[in-house]
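Asker: Let me begin by handing over the structure; questions about it come next.
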Amino acid sequence: MLQYLVILLDDTSVAYCHADNPLKEHNLIPLNTLRKAILFGMKENLMIQYVYPEYELPEEYNEVIESIDHVKIGREVAVYNAVPQTITAENAVLRISIADFISKQYDIAALLPQVTRLNISLTDIETFKDEQQENYKKALATLNAVLLNLYQSDKQPQVNILTDRLQLKEMHNCGAGDTNITLAPNGKFYLCPAFYYDEKIGISNRLNHHKPSSERSVGDLEAGLKIPNQQLLKLDHAPLCRICDAYHCNRCIWLNQKLTWDNNTPSHQQCVIAHLERNAARDLQQQLGTDNFEEEAIIKPIDYIDPFDVREQF
Ligand code: SF4
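Number 726 marks the last residue of the sequence shown (my numbering); no jumps.
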């Protein structure tokens, strides 16, 4: 069921997830389109998430934006593309390459006491090599050590790749096209911002078997949402993910499409990274004491790192 409407206020709105925004020219959403988008959100009872560009919006936009409850990504949720010295926002996103995450692990760990929540988003998951597993594990352990100290004091910051899994009893993934949908400045809906960027820069839509096209929209504000084969985006149609307990995993359908040509089939890279995080979360949970967690949330030991390798066991 849809819960969130992501509104890209401009073509240059900040990237806040795995995918980069390659668009460089300003293209502000028309005020009337923004009003219609808000109306759509109200009718569907959706929480609005505005994604801001770097520049300040014209004054007349602010009144419309404030007319409904919302979250501002790129403002109150600060987005960093490099490790900052300090973070002033309570809630922040750090977009970072795997190599930088590993080499700057101590700088990142030093940020944890400053935030309420830090979302770490790896920007080059597709390049991950099995040889990097040990270094990625060590970097996660460095963050865990700081979290453990903090959790024994009053401050208990969340770090998506480590602490989300601690409490989860079922899948809680990105949900693009399922629990959330994105509206672009052109008034059209997309499964997530990355599909809009692909359309804009003309990347051919491999899943469109009818004719070569970069078209990616799944409806617009006039005709409404039209998501073809929406069931294929859901967990119960994902044979690997539905047997998996890396519940915090993004299950990024855009990355799936890019790497496996299928929305619901994950790549080895995504699964391995998510399982290293899941296992690091287990270490943290064990150190915090499993008595502090509900029985169904206790993370069990496993002997695989990619569910594809053990799929016959389930
Ligand atoms: S780790 Fe792999 S199988 Fe598990 S939820 Fe993520 S993408 Fe799906």
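C-beta atoms are modelled at their ideal positions from N, C-alpha and C, and glycine is treated no differently.
Determine the direct distance from the alpha carbon of Y659 to that of L700, and round the result to whole angstroms.
Answerer: Distance between the alpha carbons of L700 and Y659 is about 19 Å.
Asker: Provide the residue span of the alpha helix (DSSP H) that contains L688, from first to last.
Answerer: Where L688 is concerned, the enclosing alpha helix (DSSP H) stretches over 680–700.
Asker: Starting from the N-terminal end, write out each residue whose C-beta falls within a distance shorter than 7 Å of any non-hydrogen atom of ligand 1.
Answerer: Listed along the chain, these residues meet the criterion: M583, N585, A650, L652, C653, C656, A658, C661, R663, P678, Q682, C683, A686, H687, P719.
Asker: Can you tell which of Y492, N598, A501 has its C-alpha closest to the C-alpha of L440?
Answerer: When each option's Cα is compared against that of L440, the closest is N598.
Asker: If you measure between the beta carbons of W673 and C604, is that distance less than 8 Å?
Answerer: Contact flag unset, no.
Asker: Out of curiosity, what's the CA-to-CA distance linking D423 and Y518?
Answerer: Spanning the two alpha carbons is a distance of roughly 34 Å.
Asker: Within its chain, find whatever has a CB closer than 7 Å to the CB of C656; leave out the 5 residues flanking it on each side and keep chain order.
Answerer: Counting only Cβ-Cβ distances below 7 Å, and skipping sequence neighbours, we find P719.
Asker: Can you round the beta-carbon distance between A686 and C661 to whole angstroms, since I take them to be within the 8 Å contact cut?
Answerer: Rounded, the Cβ-Cβ distance is 4 Å, consistent with contact.
Asker: Evaluate the contact criterion for the region 589–598 versus the region 430–450: three or more CB pairs, one atom per stretch, below 8 Å.
Answerer: With the cut-off at 8 Å, the region 589–598 and the region 430–450 touch.
Asker: Where does R618 fall in DSSP's three states?
Answerer: Note: R618 maps to coil in three-state DSSP.
Asker: Give a yes or no on whether the C-beta atoms belonging to L555 and L534 are separated by under 8 Å.
Answerer: No, the pair does not count as a contact, with Cβ atoms beyond the cut-off.
Asker: So what's T743 in DSSP terms, helix, strand or just coil?
Answerer: With the chain covering only 413 through 726, there is no way to say anything about residue 743.
Asker: Identify which residue in Y602, C653, L580, L637 has its Cα closest to the Cα of R628.
Answerer: Among Y602, C653, L580, L637, the Cα nearest to that of R628 is on Y602.
Asker: Are N531 and N572 touching if we call contact CB-CB under 8 Å?
Answerer: The answer is yes: Cβ separation under 8 Å.
Asker: My output table needs one value for L647: the three-state DSSP class, helix, strand or coil.
Answerer: If DSSP states are grouped into helix, strand and coil, L647 belongs with the helices.
Asker: Can you list, in chain order, the residues of its chain whose CB lies under 6 Å from that of V527, leaving out five sequence neighbours each side?
Answerer: For V527, where only same-chain residues beyond five positions count, the Cβ hits under 6 Å are I499, A504, P569.
Asker: Using C-beta distances below 8 Å, list every residue in its chain close to D695, excluding the 5 sequence neighbours before and after it, in chain order.
Answerer: Same-chain partners within the cutoff: A553, N556.
Asker: Give the DSSP-derived three-state secondary structure of I508 in the structure shown.
Answerer: Residue state, collapsed to three classes: strand.
Asker: Enumerate, from N- to C-terminal direction, the unbroken beta strand (DSSP E) stretches of 3 or more residues contained entirely within the region 565–606.
Answerer: Within the region 565–606, the complete beta strand (DSSP E) runs of at least 3 residues are 592–595.
Asker: Can you tell me whether R487 is buried or exposed, with buried defined as 16 or more other CB within 10 angstroms of its CB?
Answerer: Exposed, since its Cβ has fewer than 16 Cβ neighbours within 10 Å.
Asker: Excluding the five sequence neighbours on either side, which residues of its own chain have a C-beta within less than 7 Å of the C-beta of F607, listed in chain order?
Answerer: Correct list, in chain order: R628, W666.
Asker: Taking DSSP as the reference, what is the three-state secondary structure of G453?
Answerer: Helix at G453.
Asker: Let me check understanding here. Comparing Cα to Cα, which of L458, E689, Q697, L580 lies closest to E546?
Answerer: Nearest option by C-alpha distance: E689.
Asker: Run through DSSP, which three-state label would L652 get?
Answerer: The answer is coil: DSSP assigns L652 none of H, G, I, E or B.
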